[in-house]
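Undergrad:
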Amino acid sequence: MTLDIRYSNHPDDSKHYDTAELRKNYLIEKVFVADEIALTYSHQDRMIAGGAMPVKEELKLGSTKELGTEYFLERREMGIINVGGKGVITLDGTEYELDYKDGMYIGMGTKEISFRSADGSKPAKFYINSSPAHKTYPTVFITKEKANHRPLGSEENMNKRVVNQYIHPNVCESCALQMGMTELDKTSSWNTMPSHTHERRMEVYFYFELEDDNIVFHFMGQPQETRHIIMHNEQAVISPSWSIHSGTATSNYTFIWGMCGENQTYDDMDTIGNLDLR
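Start counting at 1 in the sequence shown, then tack on 1, and there's your number in our numbering.
Structure follows, in structure tokens:
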């Protein structure tokens, strides 16, 4: 298992970042590595994001010095959505089979976690978010059908989409983590516009289902100091609580969002008018 550390920074610092510095601080360029668990530890609310891609081997999740615990979920909870072929997650001896876009909430206190693919030629790709926890809640297997579905946007504004809330109070209990998947209609390329911030929660975005050479323009920064990061398929980006997090692309796409922080009120946001952006 690899764990890349990203430290928090002040929003004023980002005003001076060039392209390379923005990508170094916020972009998670390689989410999936064959037969590895590749994770990034952000000091923004101590969120961990990354992926497990078992091809030839079963991958076991261990702890690290950075966590200071005997096992990974001793004081954490975890969300997973599979974006690859069929795979199996084993939790303390109990197996769960996840197909494409199936998800899971895993409660604090789960000791042994391993990942394997049903077929190594079509490996599972388990996208992972994990945040600190203070209480144990039941582990829940969540298919896309069981998620809470919220249609939003319109073709006229090029933001017609469905927000599928997987780890959300309407679906299952969690301490701080929320996680879901937004699917854009073929007519649309914008997400979260008008944009917003929420000082109470940070967020991580993972973009996928970008075919061929299509790219995402992920917008970030304070509303009057916006920046952008160009992203490719199956890359993730850290969004601090002070930053907008909006995007458009050269095609439609899907993204997984994960949040943690002060509350679990999904609509608790500070909306920014389009004409107020700079």
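Cβ coordinates follow ideal geometry from the N, Cα and C atoms, glycine included. Since this is a predicted model, take the numbers as computed values, not measurements.
Since Phe218 sits in a beta bridge, which residues does DSSP pair it with?
TA: Start at 1 with the first residue of the sequence shown, and residue 218 comes out as number 217. Bridge partners of Phe218: Ile231, Thr249.
Undergrad: Roughly how many angstroms separate the alpha carbons of Gly94 and Ser252, rounded to a whole number?
TA: Looking up residue 94 in the sequence shown gives position 93. Looking up residue 252 in the sequence shown gives position 251. In a straight line, the C-alpha of Gly94 is about 42 Å away from that of Ser252.
Undergrad: Assuming Val205 and Met48 make a contact with CB atoms under 8 Å, what is their CB distance in whole Å?
TA: Residue numbering aside, residue 205 sits at position 204 when the sequence shown is read from its first letter. Residue numbering aside, residue 48 sits at position 47 when the sequence shown is read from its first letter. Sure, about 6 Å apart at Cβ, within 8 Å.
Undergrad: Short check: CB of Met270 to CB of Ser240, under 8 Å?
TA: As a position in the sequence shown, residue 270 is number 269, starting the count at 1. As a position in the sequence shown, residue 240 is number 239, starting the count at 1. Not a contact, by the Cβ cut-off of 8 Å.
Undergrad: Inspect the beta-carbon positions of Gln50 and Ile129 and report whether they are closer than 8 Å.
TA: What you label residue 50 is simply residue 49 of the sequence shown in a count that begins at 1. What you label residue 129 is simply residue 128 of the sequence shown in a count that begins at 1. Note that residue 50 is Ala in the sequence shown here, rather than Gln. Yes, Cβ-Cβ distance for Ala50 and Ile129 is below 8 Å.
Undergrad: By the DSSP assignment, the alpha helix (DSSP H) with Asp13 in it spans what residues?
TA: For the purposes of this step, residue 13 is taken as residue 12 along the sequence shown, with counting starting at 1. That run of the alpha helix (DSSP H) goes 12 to 15.
Undergrad: May I ask which residues mark the beginning and end of the beta strand (DSSP E) holding Tyr167?
TA: Mapped onto the sequence shown, residue 167 falls at position 166. Taken as a continuous stretch (DSSP letters only), the beta strand (DSSP E) holding Tyr167 covers 162 to 168.
Undergrad: Do Tyr106 and Val84 count as a contact pair if the criterion is CB distance below 8 Å?
TA: Position 83 of the sequence shown, counting from 1, holds the residue named residue 84. Position 105 of the sequence shown, counting from 1, holds the residue named residue 106. No, they are not a contact pair.
Undergrad: Looking only at its chain, what residues have a beta carbon closer than 8 Å to the beta carbon of Glu226, apart from the 5 residues adjacent to it on each side?
TA: Within the sequence shown, numbered from 1, the residue matching residue 226 stands at position 225. If we look at Glu226 and ignore the five residues flanking it on each side, its Cβ neighbours are Pro12, Ser15, Lys16, Arg279.
Undergrad: Note down the Cα distance separating Phe116 from Gly80, rounded to an integer number of angstroms.
TA: The residue labelled residue 116 in the question sits at position 115 within the sequence shown. The residue labelled residue 80 in the question sits at position 79 within the sequence shown. Computed Cα separation, rounded: 14 Å.
Undergrad: Let me make sure I understand the geometry here. Which of Met180, Glu174, Pro139 has the alpha-carbon closest to that of Lys145?
TA: Translated into positions along the sequence shown, residue 145 becomes position 144. Nearest Cα to Lys145 within the set Met180, Glu174, Pro139: Met180.
Undergrad: Flag this pair as touching only if the segment 171 to 180 and the segment 257 to 269 have three or more C-beta atom pairs under 8 Å; answer yes or no.
TA: yes
Undergrad: If I follow the unbroken beta strand (DSSP E) through Thr266, where does it start and stop?
TA: Translated into positions along the sequence shown, residue 266 becomes position 265. Looking at the DSSP string, Thr266 is not in any beta strand (DSSP E), and its letter there is neither H nor E.
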